[in-house]
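2 protein chains.
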Amino acid sequence: MRDFSSDHRWLSINTATVRKQGDLLSIIDACTRKGIRAISPWRDQVAAVGLDATARAVRSGELALSGYCRGGMFPADPAKAAEVRDDNRRAVDEAAALGAACLVLVVGGLPQYSRPGSAPGKDIALARTQVEDGIGELLDHARKAGMPLAIEPLHPMYAADRACVNTMAHALDICDRLDPGRTGALGVAVDVYHVWWDPDLEAQIARAGTDRLLAFHVCDWLVPTTDLLLDRGMMGDGVIDIPRIRGWVEAQGFAGYSEVEIFSQANWWERPMDEVLDTCIERHRSAV
Amino acid sequence: MRDFSSDHRWLSINTATVRKQGDLLSIIDACTRKGIRAISPWRDQVAAVGLDATARAVRSGELALSGYCRGGMFPADPAKAAEVRDDNRRAVDEAAALGAACLVLVVGGLPQYSRPGSAPGKDIALARTQVEDGIGELLDHARKAGMPLAIEPLHPMYAADRACVNTMAHALDICDRLDPGRTGALGVAVDVYHVWWDPDLEAQIARAGTDRLLAFHVCDWLVPTTDLLLDRGMMGDGVIDIPRIRGWVEAQGFAGYSEVEIFSQANWWERPMDEVLDTCIERHRSAV
Numbered sequence: 064m065r066d067f068s069s070d071h072r073w074l075s076i077n078t079a080t081v082r083k084q085g086d087l088l089s090i091i092d093a094c095t096r097k098g099i100r101a102i103s104p105w106r107d108q109v110a111a112v113g114l115d116a117t118a119r120a121v122r123s124g125e126l127a128l129s130g131y132c133r134g135g136m137f138p139a140d141p142a143k144a145a146e147v148r149d150d151n152r153r154a155v156d157e158a159a160a161l162g163a164a165c166l167v168l169v170v171g172g173l174p175q176y177s178r179p180g181s182a183p184g185k186d187i188a189l190a191r192t193q194v195e196d197g198i199g200e201l202l203d204h205a206r207k208a209g210m211p212l213a214i215e216p217l218h219p220m221y222a223a224d225r226a227c228v229n230t231m232a233h234a235l236d237i238c239d240r241l242d243p244g245r246t247g248a249l250g251v252a253v254d255v256y257h258v259w260w261d262p263d264l265e266a267q268i269a270r271a272g273t274d275r276l277l278a279f280h281v282c283d284w285l286v287p288t289t290d291l292l293l294d295r296g297m298m299g300d301g302v303i304d305i306p307r308i309r310g311w312v313e314a315q316g317f318a319g320y321s322e323v324e325i326f327s328q329a330n331w332w333e334r335p336m337d338e339v340l341d342t343c344i345e346r347h348r349s350a351v
Numbered sequence: 064m065r066d067f068s069s070d071h072r073w074l075s076i077n078t079a080t081v082r083k084q085g086d087l088l089s090i091i092d093a094c095t096r097k098g099i100r101a102i103s104p105w106r107d108q109v110a111a112v113g114l115d116a117t118a119r120a121v122r123s124g125e126l127a128l129s130g131y132c133r134g135g136m137f138p139a140d141p142a143k144a145a146e147v148r149d150d151n152r153r154a155v156d157e158a159a160a161l162g163a164a165c166l167v168l169v170v171g172g173l174p175q176y177s178r179p180g181s182a183p184g185k186d187i188a189l190a191r192t193q194v195e196d197g198i199g200e201l202l203d204h205a206r207k208a209g210m211p212l213a214i215e216p217l218h219p220m221y222a223a224d225r226a227c228v229n230t231m232a233h234a235l236d237i238c239d240r241l242d243p244g245r246t247g248a249l250g251v252a253v254d255v256y257h258v259w260w261d262p263d264l265e266a267q268i269a270r271a272g273t274d275r276l277l278a279f280h281v282c283d284w285l286v287p288t289t290d291l292l293l294d295r296g297m298m299g300d301g302v303i304d305i306p307r308i309r310g311w312v313e314a315q316g317f318a319g320y321s322e323v324e325i326f327s328q329a330n331w332w333e334r335p336m337d338e339v340l341d342t343c344i345e346r347h348r349s350a351v
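Have a look at this one:
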């Protein structure tokens, strides 16, 4: 297991972590100043400053992209099929233009939440079928673009409205069916916030192996958690044994970035960008 | 599958559903007036009016107890072992005195939350070991008392602070290890709120079979959910396909009560008891 205690060369900042404090160019600038070598930006942040300007800033700062957030939201009414397909293809193309390591997929939940305007339904099994079909279709485009797709299993509390793939086992079942040859075109993003509770986690990380482990995200689970979406904790402030999980991932050969992704409306989004990034660096060394 | 549309003979009210509106005797009185044949009371509600008074009221109302809430909270510092054991034995004895169908176990999460004052820890695997040891020890006492123990897998969002058994598969693994003979002394409580998201749910219900299906709880998952604990929805107001899950349970031979358990600080706990119970009756017929 790599020693993170003396530098932060393997730290990546998911730019949602400081999305309230500035635009993407200012985030890139701050990361560059602090010796942070990688980021993972969100599509809306890129769109706000422009894809070309983002690409220039990334090149200028010699930044790596540990991922690009995000594709997905596959369940939808049939009338929206073209919208879903085109939107996801654009996400792949943007990720490729920026040189991202992978496109993270938040697959969507029930159709009325995944693609608003779709007819309300309660059939989560059907949504799961639509997700798998959607990933299968996108995979052709992603292969041509050379862009790996990383399915991110989300915590089960998001099953209805954000992602109906909620366990590593389910995500890897999809990988096995759509990419049985383990070509590297399809894998998973392991976010400790979503999967830390799973008694099957160690075994599923081993099942994934280095071929399928495309990204590793960290933050912490706070007790109490006061908001289902926007109350993630800084590493070390919660109950997740992050080093243990990182050990499992690295035992498989994962040697990529540890990406900090914190949505924190009442705490970290309220603090200055420098303070948040400095804390990420410190906690990356001490608690990851 | 039983037809619930024309009467409510298989409705049970978990008395936490109207805990803010009155004490347990007033809840029993209201249920009796409305032809509700079963309840599932909480220990603190029983303690507030007395075990003997509760037993008399239950007999007088000819009520069944679909369960008794709750035993558990096993993870703890070693110094608290006697407290944990004695507390759980008392819960078994109370359940037996009241003639409950089972004692529901909310097994506890990390020790500092399960039994406050215990040393803080992040080792959820250790907590799970303590849970299984605790259930194993309690089982002897429960067998002598003739009181079945129902492990309730709780939603993964409660893994840290309430229950580190979060899937049917895990609960049934424990059952298989501690009661391989399927004697009826140990089983599960299936609460749709906790397990609806699980892609393995149908298979695990089949694995449980009638021997292990000791209780069936209903409410609904709201989108958005504004509080992790106290924002459960009335059946029909959320996204859970409750009839589908009831169908799976009944296909195994389950023929017990459908127990309504709603913690709803901002909505149902604010309404008059009669309105809540009338709505439970109506939704039991139309949405369960």
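Quick note, the sequences are listed as chains V and U, same order. This note's numbering applies: residue 64 is where the first sequence begins, and numbers increase by one. This note's numbering applies: residue 64 is where the second sequence begins, and numbers increase by one. Backbone N, C-alpha and C define an ideal beta-carbon position, used for all residues, glycine too.
| query | result |
| --- | --- |
| Segment contact flag, the segment 272 to 290 of chain U with the segment 315 to 330 of chain U, C-beta cutoff 8 angstroms, min 3 pairs | yes |
| Paired residues, beta bridge with W105/V - DSSP | C132/V |
| Interfacial residues, the segment 137 to 158 of chain V to chain U, with Cβ spacing under 8 angstroms | none |
| Closer than 7 angstroms at the beta carbon, the chain U residues around V253/V | Neighbours of V253/V on chain U: none; closest Cβ ~15 angstroms, over 7 angstroms. |
| Within-8 angstroms CB hit, T192/V to chain U | no |
| 8 angstroms Cβ cutoff, K330/V in contact with chain U | As written in the sequence, residue 330/V is Asn, which differs from the Lys given in the question. By this cut-off, N330/V is not an interface position. |
| Residues near Q193/U in its chain [Cβ-Cβ closer than 6 angstroms; skip 5 each side] | F137, P138 |
| Positions along the segment 211 to 238 of chain V whose CB lies within less than 7 angstroms of some CB in chain U | H218, P219, M220, A222, A223, D224, N229, H233 |
| Assigned secondary structure, D294/V (DSSP; H/G/I helix, E/B strand, else coil) | strand |
| Cβ pair count under 8 angstroms reaching 3, the segment 122 to 138 of chain V against the segment 267 to 276 of chain U | no |
| Interface flag, P43/U vs chain V, CB-CB below 8 angstroms | An answer regarding residue 43/U cannot be provided, because it is not within the stretch 64 to 351 covered by chain U. |
| Buried or exposed (CB count within 10 angstroms, at least 16 for buried), E157/U | buried |
| Segments assigned alpha helix (DSSP H), at least 4 residues, entirely inside the segment 259 to 341 of chain V | 264 to 275, 305 to 314 |
| Through-space distance from M336/V to I91/V, alpha-carbon basis | 11 angstroms |
| For A170/U, the three-state DSSP class (helix, strand or coil) | Sequence check: residue 170/U is Val here, not Ala. Coil. |
| Beta-carbon separation (whole angstroms), R133/U vs R106/U, contact threshold 8 angstroms | 7 angstroms |
| Cutoff 8 angstroms: W284/V Cβ touching any chain U Cβ | yes |
| C-alpha gap between I305/V and R295/V, whole angstroms | 14 angstroms |
| Reference D70/U; option with closest CA among T80/U, R100/U, N77/U | R100/U |
| Contact list for L173/V against chain U, beta-carbon separation under 9 angstroms | V286, V302 |
| DSSP state of D156/U mapped onto helix, strand, coil | helix |
| Same chain only: Cβ atoms within 6 angstroms of T95/V, ignoring 5 sequence neighbours per side | G124 |
| Three CB pairs or more closer than 8 angstroms across the segment 211 to 220 of chain U and the segment 177 to 187 of chain U | no |
| DSSP-derived helix/strand/coil call for V351/V | coil |
| Status (buried if at least 16 other CB within 10 Å, exposed otherwise) for S349/U | exposed |
| Where the beta strand (DSSP E) containing L249/V begins and where it ends | 249 to 254 |
| Proximal residues to I187/U (C-beta, below 6 angstroms), its chain only, five neighbours per side dropped | C227 |
| Residue interval of the beta strand (DSSP E) (run including L74/U) | 74 to 77 |
| Uninterrupted alpha helix (DSSP H) stretches inside the segment 172 to 236 of chain U (no shorter than 4 residues) | 174 to 177, 187 to 208 |
| Cβ-based burial, T80/U [other Cβ within 10 Å; buried from 16] | buried |
| Neighbourhood of E327/V by C-beta, 7 angstroms cutoff - its chain only, sequence neighbours within 5 removed | Per the sequence shown, the amino acid found at residue 327/V is Ser instead of Glu. L293, D294, R295, listed in sequence order. |
| Buried versus exposed, by CB contacts within 10 Å (16 or more), E215/U | buried |
| Residue-level contact to chain U via CB, R131/V, 8 angstroms cutoff | Sequence inspection shows Tyr at residue 131/V; the Arg mentioned does not correspond to that position. So, not an interface residue. |
| 9 angstroms Cβ cut-off: residues of chain U touching D186/V | D304, R307 |
| Validate contact between the segment 239 to 252 of chain U and the segment 202 to 214 of chain U using beta carbons, cut 8 angstroms, 3 pairs | yes |
| Distance CB(L235/V)-CB(I198/V) smaller than 8 angstroms | no |
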